[in-house]
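Asker: Got a structure here, written out as C-alpha cells. Questions coming.
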Amino acid sequence: MGEPIELAVLPDQKVLYINRGTTDGGGQVRLYNPATSSTTVALTLPLDARFEDGLIGITTHPRFATNRYVYLFYSPKSTPLVNRISRFTFDPTTNTIPASTEDMLVEWPTERDLCCHSAVRTGRSTCSSTAAASRRSRCPSPVPAPTTRTATR
C-alpha cells in the first residue's frame, strides 16, 4: 500500500489513492476495486519524495463520469525545484492513468527542506491548492509567482 496520503472515490465506487513516494523517486496512484478487493497501479510518476514532498494530492473533476479527469499535486524530479498541479485522463478500459495524458496546469518554485502539507480540490471552474510551511521565514521574499497556463483539453 505504500504511504497513503489522499484518495478519490470514483462514480463506480472504485477508489484512486496516492502514496507519497519513496526516496528512490517513485510515487504511485493506485486503484482499489471493492468488488474484487484488489489493488492495481494506475500510474507511477518520477518524484522528488525527500522530506514531505512527493505525490501530495489527488482529486477528480466534478464531471469525472464524462471527462475522466484526475488532478494530481506533486513534486516532480526537476531542476529548479518546483511543485506542480497537473491534469491527467483516467482510462476506464485499462484502469490506468497514462502518463502521456499529463497536462501541466501550474507549477511554482519550492524548497525541499520545509515542512509542507497540502491538498488539491476542484470546483466548478477552478483547480486550487493550499499549503502551509512551518518555517515561513526561510521562504524567499518576495516569493516568485507561479507558472500557469490554461488547459488545452
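Each residue of the sequence shown is one higher than the last, beginning at 824 in the working numbering. Ideal Cβ placement from N, Cα and C applies to all residues, glycine included.
Quick check on DSSP: helix, strand or coil for Ser860?
Answerer: Here residue 860 is taken as the residue at index 37 of the sequence shown, counted from 1. Coil at Ser860, not helix or strand.
Asker: Mind checking which residues open and close the alpha helix (DSSP H) that includes Ala888?
Answerer: Numbered from its first residue, the sequence shown carries residue 888 at position 65. Phe887 to Asn890 is the extent of the alpha helix (DSSP H) around Ala888.
Asker: Kindly indicate which three-state DSSP category Ser923 falls into: helix, strand or coil?
Answerer: The residue given as residue 923 occupies position 100 in the sequence shown. In this structure, Ser923 counts as helix in the three-state DSSP scheme.
Asker: Exposed or buried, what is Arg910 when buried is set at 16 or more other beta-carbons lying within 10 Å of its beta-carbon?
Answerer: Numbered from its first residue, the sequence shown carries residue 910 at position 87. Classification for Arg910: buried.
Asker: Taking Thr924 as the reference, give the member of Leu904, Val905, Thr933 and Leu895 with the closest Cα.
Answerer: The count along the sequence shown starts at 1 and reaches residue 924 at position 101. Comparing Cα-Cα distances from Thr924 to each of Leu904, Val905, Thr933 and Leu895, the minimum goes to Leu895.
Asker: Which residue's Cα is closest to the Cα of Arg891: Pro903, Thr912 and Ala865?
Answerer: Indexing the sequence shown from 1 puts residue 891 at position 68. Nearest option by C-alpha distance: Thr912.
Asker: To the nearest angstrom, how far is it from the Cα of Pro932 to the Cα of Pro899?
Answerer: Taking the first residue of the sequence shown as position 1, residue 932 is located at position 109. Taking the first residue of the sequence shown as position 1, residue 899 is located at position 76. Whole-angstrom Cα-Cα distance: 11 Å.
Asker: Which of the three DSSP states, helix, strand or coil, is assigned to Leu904?
Answerer: On the sequence shown, position 81 is the one that residue 904 refers to. Leu904: coil per DSSP, three-state reduction.
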